[in-house]
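I have placed the structure first, in the form of structure tokens, so that the comments after it can refer back to it.
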């Protein structure tokens, strides 16, 4: 066959070589087949033949997880000239490549482009289900930005708005109105005729709460945090557009009503339907030890295991767990941890390691830094660049002359997890680059960001991805804006407590409904809030990356949106 190809005209020769490569692959001689395919000049070939050659090469690239090469080989410009089966193959393979890169939105767009070419309802339904699965994996910030693109065609826009409507129907504070509106506006869309499996509005019961006890300290060391929580709660209440009747709020000073017995008596006397608080971890622990407390409690601190309380808190351990998930989803399997040698740093490191190990990852190195004075030597030891320096010095002594050597970090690290305050992180990130680890992705907890964009000081943080509250990273809600007008500390780390108060108000009617529907959530200021089986509110947080010293929301392959720099008059 190859002998005939050498004498044949270019198109026939390419076809013969393709057949020979397919025969080699069937016999398991993949390397010979690829070498043969790589040698075919596809310029001037019919699009159909050129695609068949590219498809085999791209398929092997995908098997090797080389998605970049696969995408280079799979050129969409030839799509209109291909047969319907080839169009489907092209779209599905490009979607697989984007999925390997953890870009579900791009993968969905590829499948949307080919769904309209399918001949049977079975083929269309299969693609609709795949599109839906990918859009469900896409962050809502990415969906919103994609839906605002004026270049979207009818098919793309309909799918994006459907995904946004479904996300809103998943938010039980929004109900199913968004889905109803989509069905009214998009009756000619393919997803209306053949809706993807699993598409349904989530409806949950709303608890009738008429009297709430707000249990917070009015004096003592927690009085200031309690004041911020209380003001956030009332700001949410005053700006609420809900049709539900507003509850009566009974303020309870937890420094005076300081025991579970006192609280139970007061709750019955005041006929409370719910208690929000306490804030003190000791008080939460005391309440957790009481079986069958007469009133449901939404505690504002973490409770011990097997507590019957609902729990909403700003625990940093959840951030460490989310960082582990993000690093794993991005394809990293061997991580180094950098944390301060303080107790809170130890807790976050342990939380990350447990979560990362449960996923199948491994923590290969850890630095508990004690200060910034010795950072260079500490990071050198972490990355083992000090050992390469020592080896070079030993060689110099042996041979008696100078030698050149490349100082390289250890090879068993493909991601770095960082927990550090801003002043420390601004030194750590440049030090990583100095020790030749500048290209290793860095994932950080919210401690790295003070809350206000500061491009001059934060330019050294460029490239670091970090997670934080929607309160910090996303546009301000009405309750947030109201607080900004009356308080100067809303954008500080302390200001996150206002967000906690807002979410306590947003959550209270839905606590029972969330417990009945694990997939339902409330879109809050402290995250996308779901209730686990232990009564603990789990927060999903948005991610941002520093670019030119300013956090930009991460939206996969879409352009990133920098936050506006806030300047004072």
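Residue numbers (the numbering used here): 1 to 569.
For each residue, glycine too, the CB sits at the ideal point set by N, CA and C.
Note that the coordinates shown come from a computational prediction; the quantities given were computed from them, not determined experimentally.
Pop quiz: residue i and residue j are said to be a contact at Cβ under 8 angstroms. What is the actual Cβ separation, rounded to whole angstroms?
i, j, result
"residue 368", "residue 339", "6 angstroms"
"residue 335", "residue 448", "Not confirmed; about 17 angstroms, so no contact."
"residue 102", "residue 331", "7 angstroms"
"residue 127", "residue 104", "So it is not a contact: roughly 15 angstroms between Cβ atoms."
"residue 474", "residue 551", "Actually they are not in contact, since the Cβ atoms of residue 474 and residue 551 sit about 11 angstroms apart, beyond 8 angstroms."
"residue 152", "residue 160", "7 angstroms"
"residue 288", "residue 309", "6 angstroms"
"residue 47", "residue 81", "4 angstroms"
"residue 286", "residue 535", "Not really, about 16 angstroms apart at Cβ, beyond 8 angstroms."
"residue 323", "residue 445", "6 angstroms"
Using beta-carbon positions only, say whether residue i and residue j come within less than 8 angstroms of one another.
i, j, result
"residue 546", "residue 463", "yes"
"residue 502", "residue 232", "yes"
"residue 328", "residue 348", "no"
"residue 526", "residue 499", "yes"
"residue 529", "residue 521", "yes"
"residue 379", "residue 415", "no"
"residue 155", "residue 112", "yes"
"residue 326", "residue 508", "no"
"residue 294", "residue 261", "no"
"residue 305", "residue 539", "no"
"residue 279", "residue 300", "yes"
"residue 34", "residue 20", "no"
"residue 375", "residue 428", "yes"
"residue 196", "residue 129", "yes"
"residue 206", "residue 244", "yes"
Whole angstroms is fine: what's the gap from residue i's alpha carbon to residue j's?
i, j, result
"residue 484", "residue 377", "43 angstroms"
"residue 453", "residue 142", "21 angstroms"
"residue 471", "residue 217", "24 angstroms"
"residue 27", "residue 9", "27 angstroms"
"residue 372", "residue 341", "12 angstroms"
"residue 320", "residue 281", "20 angstroms"
"residue 89", "residue 75", "12 angstroms"
"residue 132", "residue 166", "10 angstroms"
"residue 49", "residue 15", "7 angstroms"
"residue 426", "residue 457", "8 angstroms"
"residue 182", "residue 480", "29 angstroms"
"residue 259", "residue 432", "50 angstroms"
"residue 235", "residue 488", "15 angstroms"
"residue 77", "residue 362", "42 angstroms"
"residue 397", "residue 424", "Any answer about residue 397 is weak, because its pLDDT of 48 lies below 50 and its placement is not dependable; what the coordinates show is given next. Approximately 37 angstroms, taken between the alpha carbons."
"residue 385", "residue 51", "47 angstroms"
"residue 11", "residue 65", "31 angstroms"
"residue 238", "residue 138", "33 angstroms"
"residue 94", "residue 23", "25 angstroms"
"residue 506", "residue 108", "33 angstroms"
"residue 514", "residue 370", "42 angstroms"
"residue 97", "residue 164", "24 angstroms"
"residue 194", "residue 144", "23 angstroms"
"residue 222", "residue 466", "28 angstroms"
"residue 87", "residue 18", "19 angstroms"
"residue 302", "residue 284", "7 angstroms"
"residue 45", "residue 435", "49 angstroms"
"residue 430", "residue 291", "53 angstroms"
"residue 570", "residue 67", "Because the chain is modelled from 1 through 569, residue 570 falls outside the range shown and cannot be assessed."
Quick one: what's got a C-beta closer than 7 angstroms to residue i's C-beta in the same chain, skipping five residues either side?
i, result
"residue 255", "217, 218, 219 and 220"
"residue 211", "247, 248, 250, 270, 271, 272 and 273"
"residue 496", "314, 469 and 471"
"residue 570", "The shown model of the chain, from 1 to 569, leaves out residue 570, and the question about it has no answer."
"residue 567", "Confidence in residue 567 is poor, its pLDDT being 28 and thus under 50, which makes the residue's placement unreliable; the coordinate value appears in the next sentence. Correct list: empty, nothing qualifies."
"residue 451", "472, 491, 492, 493 and 495"
"residue 268", "294"
"residue 574", "Outside the shown range of the chain (1 to 569) lies residue 574, about which nothing can therefore be said."
"residue 158", "186, 189 and 191"
"residue 421", "447"
Less than 6 angstroms between C-beta atoms, sequence neighbours within five positions excluded: which residues of the same chain meet that for residue i?
i, result
"residue 69", "61"
"residue 382", "365 and 367"
"residue 73", "54, 57 and 58"
"residue 40", "14, 17 and 53"
"residue 478", "239"
Q: At 4 residues or longer, and completely inside the stretch 48-92: list those alpha helix (DSSP H) runs for me, N to C.
A: 67-73
Q) What beta strand (DSSP E) runs, 3 residues minimum, are completely inside the stretch 108-181? A) none
Q: List in chain order: all unbroken beta strand (DSSP E) runs of 3+ residues lying wholly within the stretch 304-349.
A: 334-340
Q) Which residue spans inside the stretch 453-500 form an unbroken alpha helix (DSSP H) run of at least 4? A) 455-458, 470-473 and 478-486
Q. In the stretch 411-437, which residue ranges form an unbroken alpha helix (DSSP H) of at least 4 residues, counting only runs that do not cross its ends?
A. 422-434
Q: Return the chain-ordered ranges of every beta strand (DSSP E) run that is complete within the stretch 233-317 and spans a minimum of 3 residues.
A: 248-253, 274-276 and 297-299
Q. Which residue spans inside the stretch 514-552 form an unbroken beta strand (DSSP E) run of at least 3?
A. 528-531, 537-540 and 543-547
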